[in-house]
Amino acid sequence: MAKAKIRVSRKKESSKSVREISSGKKSSFKRPKIKIPAKLKQLKSFMGKSYHLPLPDNRVNNILSKRVRLVPNYLKNSFTELKLVEWPNRRLTISLSFAVMIFAIVFGLFVAFLDYGLDKIFKEVFIKK
5 MAKAKIRVSR KKESSKSVRE ISSGKKSSFK RPKIKIPAKL KQLKSFMGKS
55 YHLPLPDNRV NNILSKRVRL VPNYLKNSFT ELKLVEWPNR RLTISLSFAV
105 MIFAIVFGLF VAFLDYGLDK IFKEVFIKK
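Numbering-wise, the sequence shown is residues 5 to 133 according to my numbering.
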């Protein structure tokens, strides 16, 4: 068995597959192209378009005349971030939900006792029987 020399490169341009490195030959494997329906292409091009609103030249209108997108980049980036979130499993979700409920009950009781105590104090001070 002949050992192939492996050169490790940290450059982004060198994206050889494992087969290419180990065998020294180019791989014949090609990733299949995904067909995107025409309606989806139209929707994507419509959502990504920016519209220019021409307005008279003054300070206020210079702010307003910037390009306006139908779907702002903020929303696109938000959905992208949501896809990257690692969601908790069922057991962790249930335990954290119980922790929140217990905290809410304890805090509610604290506020109720504080309200009751302050009510008694103010009635004694301001409304003397």
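Glycine included, C-beta positions come from ideal geometry on N, C-alpha and C.
Taken through DSSP and simplified to helix, strand or coil, E90 comes out as coil. The DSSP-derived three-state label of I98 is helix. Rounded to the nearest angstrom, the gap between the Cα atoms of L96 and A103 is 11 Å. Put simply, the backbone Cα of Y120 is about 41 Å away from that of W91.
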